[in-house]
Amino acid sequence: MKSRESIIGNVDWVIVLLYFLLVFFGWLSIYASSGGDTAGSVFDLSTRYGKQLLWIGLAVVMIVAVLLIDAKFFSSFAFVFYGAMILVLIGVLLFGKTVAGSRSWFQIGSFAIQPSEFTKFATALAVAKYLSMTHVDMKNLKTPVIAMSLAGFPALLILLQNDTGSALVYASFALVLFREGFSGSVIFFGFVLAVLFILTLLFGEIYMISTIALLLILLLVFFRKTRKNYKSIIALFLLSSAFVFSVNYAFQNVLEPHQKKRINVLLGIEEDLRGAGYNVNQSKIAIGSGGFTGKGFRQGMLTRYNFVPEQSTDFIFCTVGEEWGFMGTSVVILLFLGLLVRIVV
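As structure tokens, then:
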């Protein structure tokens, strides 16, 4: 009895509430976009919303199981789970099914399973296990390097599957290190690099180098009385310049053509309303048509009749925008922000 009470008492019920509200809104949007007609049809496993309901049910069972199983079990087998999922990711590269250009799926009958989703759980266990070891010291630079390597290796395998979106999710493990006491400067540094990357693509190397040089000259003038900062400022300039000059090379030689096309369209460098920018443009139209309060549940004509490709997956937010308008989208975004803040803080 005491064990059960301690389990219930240690649960953050605010996170549970936020999570299930998002799950509910997500499933409701999938149902609306798929054009379900009767209440009984929600259990039809041949439909997207039926399959999603099955996965939700399985997830609830897994949540309860995780709560009931002794935490020592996960701690003891964390690296085993991690190693097994690494092998599965390699197996996907060799034997997986290609869907929408990404070789990241196993087909089992009428179901398609994406191992990278389960690898997130295994990676989280491995990182947590490593950080909980007695000899690990967050003040030692080696600790975050090893922790991020544990997250980076599966991300690399997922990149090889041509699934960049899923791989980018693993960057969020930096927040785990921040919460565990690692300096937030690393996250800030990563943010600065991302900004430099975008600005370099938009304005070019010469403009960016000139801007960085001007900012650093101002820093040199500001710190003129403390010459000990001069070397750091000069080193910062050289590193920033090297990164800026590497952006164009990486963009042209590392990224796939369709990835370059999407980035250019996203940044407004080029317009391709019938190609790479088609989905985004259609989604904007669908979201904008919802106005302030939306058209109502299952009243979104654009989202129900395939006006937006991948309506019930990648662009499911369009359904929220068209049917629930600005008010509905704001609620969903606030729920996401609330969940993230609650987890991190």
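Take the sequence shown: its letter number 20 is residue 254 in our numbering, and every next letter is one higher. Ideal placement from N, C-alpha and C gives every residue a C-beta, glycine not left out.
Check	Outcome
Three-pair Cβ contact test at 8 Å for the stretch 527-541 versus the stretch 497-505	no
Glycine 562 classed as buried or exposed, judged by whether at least 16 other C-beta atoms fall within 10 angstroms	buried
Three or more C-beta pairs below 8 Å linking the stretch 542-554 and the stretch 509-526	yes
Beta-ladder partner(s) of alanine 346, from DSSP	Gln341
Threonine 332 in three-state terms, based on DSSP	strand
Assigned exposure category for glutamine 341 - 16 Cβ within 10 Å defines buried	exposed
Counted within 10 angstroms of its Cβ, other Cβ atoms place phenylalanine 423 as buried (16 or more) or exposed	exposed
Environment of glutamate 556 [buried if 16+ CB atoms lie within 10 Å]	buried
Opening and closing residue of the alpha helix (DSSP H) in which phenylalanine 254 lies	247-268
Neighbourhood of valine 542 by C-beta distance below 6 Å, restricted to the same chain and skipping five residues each side	Gln516, Ser517, Ala520, Phe549, Cys552
Spatial distance of isoleucine 242 from aspartate 304 (CA atoms)	14 Å
Spatially closest choice to isoleucine 503 from Ile392, Phe485, Leu435, Ile446, by CA coordinates	Leu435
Sequence ranges, alpha helix (DSSP H) only - wholly within the stretch 430-512, length at least 4	439-456, 464-487, 491-500
Nonlocal neighbours in the same chain, by C-beta distance under 7 Å from valine 410, ignoring five residues either side	Val361
Contacting residues, own chain, Cβ-Cβ under 8 Å from glycine 418 (five flanking each side not counted)	Phe412
Close beta carbons around glycine 382, own chain, < 8 Å, minus the five adjacent residues each side	Here residue 382 is methionine; the residue named in the question, glycine, does not match the sequence. So the list reads Phe407, Ala408, Leu411, once near-sequence residues are dropped.
At least 3 beta-carbon pairs within less than 8 Å: the stretch 327-334 vs the stretch 361-370	no
Same chain only: Cβ atoms within 8 Å of leucine 323, ignoring 5 sequence neighbours per side	Pro349, Ser350, Thr353, Pro388, Leu391, Ile392, Gln395
Beta-carbon proximity check, alanine 293 vs alanine 318, cutoff 9 Å	no
Inter-stretch contact (C-beta, 8 Å, three-pair minimum) for the stretch 282-296 and the stretch 559-573	no
Every unbroken alpha helix (DSSP H) inside the stretch 507-553 [4 residues or more]	512-522, 535-538
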